[in-house]
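The next block holds one structure in the form of structure tokens; read it before the comments.
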Amino acid sequence: MTDALREGVLKVEGRLTDASNATLYCVAVLGEGDEQTNVTCVYKPIAGESPLWDFPEGTLAAREVAAYEVSCALGWDLVPETVLRDGPYGLGMCQRWIETEDETRLLAILPTTVEQSALDGWCPIITVGLDDDEQGILAHQDSEALRRIALFDAVINNADRKGGHLLPDANGHIYAIDHGVSFHVEDKLRTLLWGFAGRSLNESETAELKRIHADSLLTERLATLLSEPEIAAFHARIEALLAAGRFPGPEGRRRPIPWPLV
Numbered sequence: 252m253t254d255a256l257r258e259g260v261l262k263v264e265g266r267l268t269d270a271s272n273a274t275l276y277c278v279a280v281l282g283e284g285d286e287q288t289n290v291t292c293v294y295k296p297i298a299g300e301s302p303l304w305d306f307p308e309g310t311l312a313a314r315e316v317a318a319y320e321v322s323c324a325l326g327w328d329l330v331p332e333t334v335l336r337d338g339p340y341g342l343g344m345c346q347r348w349i350e351t352e353d354e355t356r357l358l359a360i361l362p363t364t365v366e367q368s369a370l371d372g373w374c375p376i377i378t379v380g381l382d383d384d385e386q387g388i389l390a391h392q393d394s395e396a397l398r399r400i401a402l403f404d405a406v407i408n409n410a411d412r413k414g415g416h417l418l419p420d421a422n423g424h425i426y427a428i429d430h431g432v433s434f435h436v437e438d439k440l441r442t443l444l445w446g447f448a449g450r451s452l453n454e455s456e457t458a459e460l461k462r463i464h465a466d467s468l469l470t471e472r473l474a475t476l477l478s479e480p481e482i483a484a485f486h487a488r489i490e491a492l493l494a495a496g497r498f499p500g501p502e503g504r505r506r507p508i509p510w511p512l513v
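First residue of the sequence shown? That's 252 in this note's numbering, and the numbers climb one at a time after it.
Okay, here's the thing in structure tokens:
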């Protein structure tokens, strides 16, 4: 499948018009006849990236691939297969398309008067205004899958973890997408998954962080995608997480919640 993403002919079938950067819905076709492989994918050409004041121009595609490399190193299968390749509109990132199954079930709006017992399985985040001028509590699932994504986001310094970037497939596995604004040298963590803030890292999480911190092959792969200061900051974030022994929180952050929320 990755071979088709990397080497197949990209046939553009449409565009995702709600994306802030040029995002094309494609099929990657490799081979012919009985040997043909077709992979539905998203192609984001660097030429279609909107400039950002705080990220170097033309680097978002490489950051998406870097996030995939970290996901692979962790072994958690969080990010769909992602490669950097040439396409119809030049060099860009190409990522396997995920067919989703009711991503709204990962989030919920709870009444402000909800009893503590009704919060079982949910992590409250913030109070939000509703269409009827009432207020509700936005919450996300308290699940191992989202906990892993929250830790992953802290490692890569994800500045834009919206609810719509969490994609459950038909088998219930949750994928994470849209990591173009990650790996900044400054702390820019912005997420909806603050429900895990302050929780202690378990033994498995600690072991995985130590392992990727010492993974020289991962560092070599990241060196083709990120700058030296960004790689140094990546390792420094892992060291800080291990030293703290717990998930970071929103305290002291200027804009800890992304907008729009979904």
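Ideal placement from N, C-alpha and C gives every residue a C-beta, glycine not left out.
Whether residue i touches residue j by CB criterion (7 Å)
| i | j | result |
| --- | --- | --- |
| Leu443 | Arg412 | yes |
| Ala401 | Lys439 | no |
| Glu308 | Asn272 | no |
| Tyr426 | Pro296 | no |
| Thr274 | Leu267 | yes |
| Glu352 | Pro419 | yes |
| Glu515 | His430 | Past the boundaries of the shown model lies residue 515; the chain is included only from 252 to 513, so the question cannot be answered. |
| Ala317 | Ile463 | no |
| Gly343 | Tyr294 | yes |
| Pro499 | Ala405 | yes |
Distance between beta carbons of residue j and residue i, contact taken as under 8 Å
| i | j | result |
| --- | --- | --- |
| Ala313 | Leu335 | 6 Å |
| Leu246 | Leu397 | The displayed coordinates of the chain run from 252 to 513. Any statement about residue 246 would go beyond what the structure contains. |
| Gln386 | Thr363 | 5 Å |
| Ile377 | Ile508 | 6 Å |
| Arg257 | Leu329 | Between Leu329 and Arg257 the Cβ distance is about 20 Å, and since that is not below 8 Å, they are no contact. |
DSSP beta-bridge partners of residue i
| i | result |
| --- | --- |
| Gly343 | Pro296 and Arg336 |
| Arg504 | BP columns for Arg504 are empty, so no partner. |
| His391 | Leu358 and Cys374 |
| Asn289 | Val280 |
Under the three-state DSSP convention, the category residue i falls into
| i | result |
| --- | --- |
| Arg314 | helix |
| Ile349 | coil |
| Ala448 | coil |
| Ile428 | coil |
| Thr470 | helix |
| Leu397 | helix |
| Pro480 | helix |
| Val260 | strand |
| Arg266 | strand |
| Val436 | coil |
| Arg497 | strand |
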